[in-house]
Amino acid sequence: MRIGIAVAAFNEVITSDLLSAAEAALVDVGEVTVVRVPGAWELPLAARAL
């Protein structure tokens, strides 16, 4: 299974912890692709690209 995660750099204190938890939960699932974007406005574009 392939999983994509789009994470914003804005509020990195929060998003870095969320990303770490998501990656830990998905470690056994398969291929996890992480895309980092500057802020919330770019998240839909990153999600579409995944």
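Going by the numbering used here, the final residue of the sequence shown carries number 40, and the count climbs one at a time with no gaps. Using N, Cα and C, we set each Cβ at its ideal position, and we do this for glycine too. Computed from a predicted model, the values in this text were never measured in an experiment.
Your pair alanine 30 and alanine -2 checks out as a contact, with CB atoms roughly 6 Å apart and the cut at 8 Å. Among the bridge pairs identified by DSSP, glutamate 32 is matched with none. Cβ-Cβ distances below 6 Å link leucine 9 to Val(-3) in the same chain, with the five nearest sequence neighbours on each side left out; the list follows chain order. By DSSP's assignment, glutamate 21 forms a beta bridge with Arg(-8).
Remark: C-beta atoms of glycine -6 and leucine 35 do not approach each other more closely than 7 Å.
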